[in-house]
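So for the sequence shown, the numbering used here puts the first residue at 132; every next one is plus one.
To start, the structure under review is shown below, and the notes come after it.
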Amino acid sequence: DGISVEGKKPFSLSFSEVGAILPMRYCNSNMLYSLIFRDLQGKNISLPDLETDTKANGKGHNIAETKTLLLAFARNKLGAEFPNSIDSLDLPIGFNLKEKEIRLSRGFITGAKHSIPLSAIRRVKMVTNGTISNLGIYTKEKGGFFDFPDMAVPANELTLPILEAAMTRNTGAGIDFSQGDGFAQKTSEFMIIRFLSAEFFINEDGSFSGEWQKKAYDRISSYGYEEGSLLEQAILL
C-alpha cells in the first residue's frame, strides 16, 4: 500500500497520498533513475531523493527496482478487479499542461479540454523521444493527411494498461508501439517492457473473463520482464 525507504534519509509514503510517479531518465537510460512523487493535485511531494536501479545488472533492461515499484503503485490504484472494473473506476491517471488533471471516470477519459469514452477509442499511438512520452488517442479507425489525435495523455504505469485494455477490447489490437524515439530505438516497444505487465490482464484465479483479455495477456507476456523475475533480480541486487 506504499513505499518505505531505509538509509541515511529514511521515509515512508502511502500510495493513497500519491497521484503520479515520475521516473526521471527511465525511458532514455538503463540505470540510475530518480523518482519524483506527485500528490493528488499534481504537485511534487517534498521527499528525500530516491534513486533506483543504481547498479548495472548486465542482463538487458536494468529496471528491477523501478518497475516493481511502478507496478505496485498501479495495482494499488487500479484494484484487484482490473480490467473487469475498467468501466467503473474513478481515479486520476495523469497530469499535463493542456488537460490539467486527467481522470478515468465511469468509462470516460476526461481532462480540462477533452472527454473520450473508452468504447469510442479505435487507435492509440505511443509517441516518445525518451524524455517525454505521450499516448495519442484516436476515435477514427483511419487517419487522413492531418492525422491528429483527439486527445493526448502522458504514457505511464496507469494509462498504458488502461488503454491497452480498451484497445484490445474494442478492436482486438493493442496500442501501436511501431514509432521509434528518433534515436537508437526503432520502435517504442521498450515502453511495454518498462511499464506493462501481463498480470494486469488475467483474473486473480488465473482465468480470463473474455478472449480479448487473453489476447492482451499473451501479447505483453511475450516481452518478458514480468514481476516474478524482477523481484528475484531486485533481491539479488
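A virtual CB, placed ideally from N, CA and C, is assigned to each residue, including glycine.
- Cβ-Cβ separation between R234 and I247: approximately 12 Å, too far for a contact (criterion under 8 Å).
- Out of P280, A286, F213, the CA that lies nearest to the CA of D336 is found in F213.
- Under the three-pair Cβ rule at 8 Å, the segment 309–323 does not count as touching the segment 271–284.
- Inside the segment 178–261, DSSP marks whole alpha helix (DSSP H) runs of 4 or more residues at positions 195–209, from first to last along the chain.
- E230 is classed as buried because its beta carbon has at least 16 other beta carbons within 10 Å across all chains shown.
- From the listed residues L201, L249, G267, the smallest Cα separation to L220 is found for L249.
- DSSP, read as helix, strand or coil, puts A315 in coil.
- In the displayed model, N301 falls within a helix according to three-state DSSP.
- Around the CB of E137, fewer than 16 other CB atoms lie within 10 Å, so the residue is classed as exposed.
- D307 is positioned such that its CB atom lies no closer than 7 Å to that of T259.
- Judged by beta-carbon spacing, L361 lies within the 7 Å limit of A195, meaning their Cβ atoms are closer than that value.
- When Q172, P154, M257 are compared, the shortest CA-CA separation from D184 is found for P154.
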